[in-house]
Each structure stands twice: as structure tokens, then as C-alpha cells.
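S.K.: Residue numbering for the sequence shown follows my numbering, beginning at 36 and increasing consecutively.
The beta carbon of each residue, even a glycine, is placed where N, CA and C say it ideally should be.
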Amino acid sequence: MKLSTKVSIQKIRVIATYQRKEDNPIFAALLQSAHENNDGLTIEEAQECLSGTALNHRMWSNILDRLAGQGYFRKEEQISKKQRYIRLPQKTYVYRLTDFGKETAKQKTFFKSMKGELEVWVLKDEITWFPYPIVKIKERVERNSKSTNEKTKDFDIPQKQILSFKNGDYRIDECESICMFLREEDLTLEVKASQNYVSVSIEDLEFELKLTNNESTTKSDLEQLFLTQEYQEDYDEDGKVVFVSFDGNVQFRRKVKLQEPQIGEVSFNSISLENIVFQPSTKEDAEKWRLAWMHRNLSEYIFEEPQFKVLDEKIRTKFEPYWELDDLPLLEMNHYLENNGDNYFYTLMKLQAPQLLTY
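1. Which residues in the same chain as Leu40 place their Cβ atom closer than 7 Å to its Cβ, once the five residues preceding and following it in sequence are excluded?
2. If we cut at 8 Å on Cβ distances, does Lys137 have a partner in chain B?
3. Looking at Gly203 and Lys56, is the spacing between their C-beta atoms short of 8 Å?
4. Can you tell me whether Gln314 is buried or exposed, with buried defined as 16 or more other CB within 10 angstroms of its CB?
5. Classify Ala228: buried if its beta carbon has 16 or more other beta carbons within 10 angstroms, exposed otherwise.
6. Tell me whether Phe354 sits in a helix, a strand or coil according to DSSP, three-state version.
7. So, at 6 Å on beta carbons, what are the nonlocal neighbours of Met36 in its own chain, with the 5 sequence-adjacent residues on each side left out?
8. Going by DSSP in three states, Met36 sits in which element: helix, strand or coil?
9. For Arg109 versus Thr133, is the C-beta spacing smaller than 8 Å?
10. At which residue ranges does the segment 265-348 contain complete alpha helix (DSSP H) runs of 4 or more residues, listed in the order of the chain?
11. Can you name the start and end residues of the alpha helix (DSSP H) that Gly106 belongs to?
12. Spatial neighbours of Cys214 within its chain, please: CB distance less than 7 Å, with the 5 preceding and 5 following residues excluded, ordered by chain position.
13. To the nearest angstrom, report how far apart Phe338 and Arg325 are at their CA atoms.
14. Within a Cβ cutoff of 6 Å, which residues of the same chain sit near Arg206, ignoring the five residues on either side of it in sequence?
15. On the DSSP letters alone, give me the boundaries of the beta strand (DSSP E) that Ala89 sits inside.
16. Is the beta carbon of Phe281 sitting closer than 8 Å to the one on Asp269?
17. Am I right that Lys171 and Asp74 are in contact with their C-beta atoms under 8 Å? What's the rounded C-beta distance?
18. In whole angstroms, what separates the C-alpha of Glu112 from that of Ala63?
19. Could you check the C-alpha separation between Ile298 and Phe242 for me, to the nearest Å?
20. My understanding is that Lys150 touches Thr52, with C-beta atoms under 8 Å, so please give their C-beta distance in whole angstroms.
21. Would you mind stating whether Ser68 and Glu219 have Cβ atoms separated by less than 8 Å?
22. I need the boundaries of the alpha helix (DSSP H) containing Asp134, first residue and last residue.
23. Thinking Gln82 and Trp95 are a contact (beta carbons under 8 Å), I'd like their distance in whole angstroms, please.
24. Answer yes or no: do Arg175 and Glu154 have a C-beta to C-beta separation smaller than 8 Å?
25. How many angstroms separate the CA atom of Asp256 from the CA atom of Asp320?
26. Using the C-alpha atoms, what's the distance from Phe200 back to Ser234?
27. Would Lys292 pass as a contact of Glu309 if the rule is Cβ separation under 8 Å?
28. Does DSSP classify Cys214 as helix, strand or coil?
29. In angstroms with no decimal places, state the Cα-to-Cα distance between Leu217 and Gln286.
30. Buried or exposed for Leu38, going by 16 or more other Cβ atoms inside 10 Å?
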């Protein structure tokens, strides 16, 4: 299943202090070591694990202080039992991973601190099932590009949170209050559903769709959502069945075209769902459906009543909710065909010809 639509975004120029993910195996190894050491390291432990005598105590102190300043560690004074009674000339510290540091360590990445102009692409209208309102971040290199004095609507750039895009990961630390509107644009939003996974993509942003209690959404979940929108109380979510009045269509499994299926606030282009189960709404609809089905599917000549009864019992199993349907007498089937004109003549002959031949 694939859905698509257009959504509007605003391109905004901001000046920000931010961090960009980069490959730095040394710092990544340092964070990983801390994570494996109960989320904390001392200068001595860092030196012993990673550099030996190649980097001295002061160098490691500067490295860890720098990472603490960038939000990876929280620097805490370490007080041993001995220090409680004896005042030592030099304080010792332990560097404990912050939540940001733990997340970065798990991903085995490192973020480089930067400051400058960013072009941020923000959803014009809120979509509640998006992880954040930003669909793309890129560092600006166009210094003389045109902009307008038009103000943007208020928007919140998620700060102190890792924002993941196809072109890289960013973490916004602080934005200046003044920003500049560049332009507005429509982008294609796509939702692709396989059996157990539904992905959402727009420009550089791609994520798994989770609609209920942060649980993964499946293709079946989307089908149920769309069928409920289309048929409302006539769709049974538990049985995955649509109950309808008989409209002349005798098929129990149908292809359903949905004009504007919706996920939350977003309407998508039309799609078709295959093999949707339909059943009659009432017993009266079931009786009409059965007669029409018998007319369409009567392929053999009926020579006697028991032969017709076997066929009737076979057909009745297709109407699961109405298993209590009364037996269909052969005479009633004759009357139904006789009263529906010339189009039913050949079916009628399959019932009456054997009787005429044996009269």
C-alpha cells in the first residue's frame, strides 16, 4: 500500500548554536567506554583505557571538560572515604554521561559543536503524528539569496534533541529569536505500508509511523482505519467485515476505492483496497443476496428437489452471520426467476427444462 499527498512547508533562515553528527572514532570510543563503565569515567580511567601515557592527565582533563561543556557529561566531584577525613590538595572528579551522552554512546556517534546560519524547513500546519515539525536542516551557503520581510508563524524548534534526517543528524542547542522567512513550498509526503511496517517520508525526513501508544502501525491497522472512515458503524473491526444493504453486487470479496483516506489531519490521494469482505446487513438482505447469487452461479441443470437442496446448503455457508436462513424451496427460486424478466430465462430453463423433459 502506498499513499501520497502534498503538504506545505516554510523555509526559514535562523542563526543557531548547533551540533552536527560527524565521524570521530576517538570521542565515540570515549563515550562508549563511559557507557560500559556504569555511565561514568574518571580522568585516570579514560587515560588507562584509551591512551596510556600518550596523553597526560591534563590533556584528558581538558578533553572531558570540553565534552561536559557540550552536554555529553555531567562533571561531579568525587569524594572518597579517605577525603572525608583528610583534606587533599587536589580535587578529583567523575564524569557521568547525561541522557544526551547515553543516547550518543548507544548510537556510537559524535556531534561537533558549531554556530552559524541554518535553513530549516518547517511544516506550515501541524501534523500530530510527526516526531517533530522539521523536515530538513541544511547549513546555508547562499549569502545573497532573496528573502522577504514576511513574518513566519510561531514555531518551536526542538532543542537539546537529536533530529535525524537522511542528510545527517543535528542537535539544536540555541536559536536566536530573530528568524527570516525565505519562501513556501509544497513537498510530496509518502506513506508506504508493508505487512508489519509502515514508513513515512518527506524530503530528508523518514520515520516509522506510530499512531497508538507509540506502538508500530501495520498495513492491517491502516486498512481498518480507512474502512472505518468510509463505512463508519457498518464496518466491523473485530471481524474485518463490511455490512451493506444488498445492491445487486453478489461478490463477497470486493475491491474498494477510497477517495480521500485520512491519517490524522492529512488527506491522501485515492487508493484501492483489495479483497475486502462484505456481508449483508440484515436477514432480508441476505435472502435477496442468496437468490441473486443462485441466479448468477447456477451452472447445472436441476433434475430434482434434493439436488437443489444440496446446492442451497452449500451457498448458505457463504452468509456466515445468517446461518439460520430458512431453506430455499425450489418453487420460490422458480418464482424469483419468472418475475425478473427475460434476462433470467436461461437460468430458469436449468430448473424447468428437466421437469418438462420428465413430465
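M.R.: The structure says:
1. The count along the sequence shown starts at 1 and reaches residue 40 at position 5. The sequence given here places Thr at residue 40; Leu does not occur at that position. Taken in chain order, the residues that qualify are Leu224, Val301, Ser302, Phe303, Asn304.
2. As a matter of chain content, chain B is missing from the structure shown, which is built from one protein chain.
3. Numbered from 1 along the sequence shown, position 21 holds the residue referred to as residue 56. Numbered from 1 along the sequence shown, position 168 holds the residue referred to as residue 203. Between Lys56 and Gly203, the gap from beta carbon to beta carbon is short of 8 Å.
4. Taking the first residue of the sequence shown as position 1, residue 314 is located at position 279. The residue in question, Gln314, is buried, as its Cβ has 16 or more Cβ neighbours within 10 Å.
5. In the sequence shown, residue 228 corresponds to position 193, counting from 1. Classification for Ala228: buried.
6. Taking the first residue of the sequence shown as position 1, residue 354 is located at position 319. In this structure, DSSP gives Phe354 a state outside helix and strand, which the three-state scheme calls coil.
7. Numbered from its first residue, the sequence shown carries residue 36 at position 1. Here Met36 has Ala228, Lys254 as same chain residues with Cβ atoms under 6 Å from its own Cβ, once five neighbours each way along the sequence are excluded.
8. Counting from one through the sequence shown, the residue named residue 36 turns up at place 1. Coil at Met36, not helix or strand.
9. Taking the sequence shown and counting its residues from 1, the one referred to as residue 109 is at position 74. Taking the sequence shown and counting its residues from 1, the one referred to as residue 133 is at position 98. Between Arg109 and Thr133, the CB-CB gap stays under 8 Å.
10. List check, alpha helix (DSSP H) in window: 318-332.
11. Numbered from 1 along the sequence shown, position 71 holds the residue referred to as residue 106. In the DSSP annotation of this structure, Gly106 is not part of any alpha helix (DSSP H), being labelled neither H nor E.
12. Within the sequence shown, the letter at position 179 stands for residue 214. Residues Ile47, Arg48, Val49, Thr187 of the same chain have their beta carbon placed closer than 7 Å to that of Cys214, with the five preceding and five following residues left out of the count.
13. Reading the sequence shown from its first residue, position 303 is the one you call residue 338. Reading the sequence shown from its first residue, position 290 is the one you call residue 325. Note that Phe338 scores a pLDDT of 48, beneath 50, so its modelled location is shaky; the value from the coordinates is reported in the next line. One C-alpha to the other measures close to 20 Å.
14. To locate residue 206, count along the sequence shown from 1; it is residue 171. Around Arg206: Gln54, Phe146, Ile197.
15. Here residue 89 refers to the residue found at position 54 when the sequence shown is read from its first residue. Run containing Ala89: none; DSSP gives neither H nor E here.
16. The residue you call residue 281 lines up with position 246 of the sequence shown. The residue you call residue 269 lines up with position 234 of the sequence shown. Remark: C-beta atoms of Phe281 and Asp269 do not approach each other more closely than 8 Å.
17. For the purposes of this step, residue 171 is taken as residue 136 along the sequence shown, with counting starting at 1. For the purposes of this step, residue 74 is taken as residue 39 along the sequence shown, with counting starting at 1. In fact, because the Cβ distance is near 33 Å, the residues do not count as touching under 8 Å.
18. As a working note, residue 112 is residue 77 in the sequence shown. As a working note, residue 63 is residue 28 in the sequence shown. A straight-line Cα-Cα distance of about 24 Å links Glu112 and Ala63.
19. For the purposes of this step, residue 298 is taken as the residue at position 263 of the sequence shown. For the purposes of this step, residue 242 is taken as the residue at position 207 of the sequence shown. Distance between the alpha carbons of Ile298 and Phe242: 15 Å.
20. By one-based count along the sequence shown, residue 150 stands at place 115. By one-based count along the sequence shown, residue 52 stands at place 17. About 5 Å separates the Cβ atoms of Lys150 and Thr52, confirming a contact at the 8 Å cut-off.
21. Start at 1 with the first residue of the sequence shown, and residue 68 comes out as number 33. Start at 1 with the first residue of the sequence shown, and residue 219 comes out as number 184. No; because the gap between Cβ atoms is not below 8 Å, this pair is not in contact.
22. In the sequence shown, the residue the question calls residue 134 occupies position 99. Per DSSP, Asp134 belongs to the alpha helix (DSSP H) from 134-142.
23. Within the sequence shown, residue 82 is the residue found at index 47, counting from 1. Within the sequence shown, residue 95 is the residue found at index 60, counting from 1. Contact flag correct, Cβ pair sits at about 5 Å.
24. Looking up residue 175 in the sequence shown gives position 140. Looking up residue 154 in the sequence shown gives position 119. Their beta carbons are under 8 Å apart, which means Arg175 touches Glu154 by this criterion.
25. As a working note, residue 256 is residue 221 in the sequence shown. As a working note, residue 320 is residue 285 in the sequence shown. Straight-line measurement puts the Cα of Asp320 at about 29 Å from the Cα of Asp256.
26. Here residue 234 refers to the residue found at position 199 of the sequence shown. Here residue 200 refers to the residue found at position 165 of the sequence shown. When rounded, the distance between both Cα atoms is 14 Å.
27. Taking the first residue of the sequence shown as position 1, residue 292 is located at position 257. Taking the first residue of the sequence shown as position 1, residue 309 is located at position 274. No, Cβ-Cβ distance for Lys292 and Glu309 is not below 8 Å.
28. Taking the sequence shown and counting its residues from 1, the one referred to as residue 214 is at position 179. Coil, per DSSP.
29. As a first step, residue 217 is located in the sequence shown; it is residue number 182 there, counting from the start. As a first step, residue 286 is located in the sequence shown; it is residue number 251 there, counting from the start. Cα to Cα, the separation comes out at about 54 Å.
30. Within the sequence shown, residue 38 is the residue found at index 3, counting from 1. Burial call: buried.
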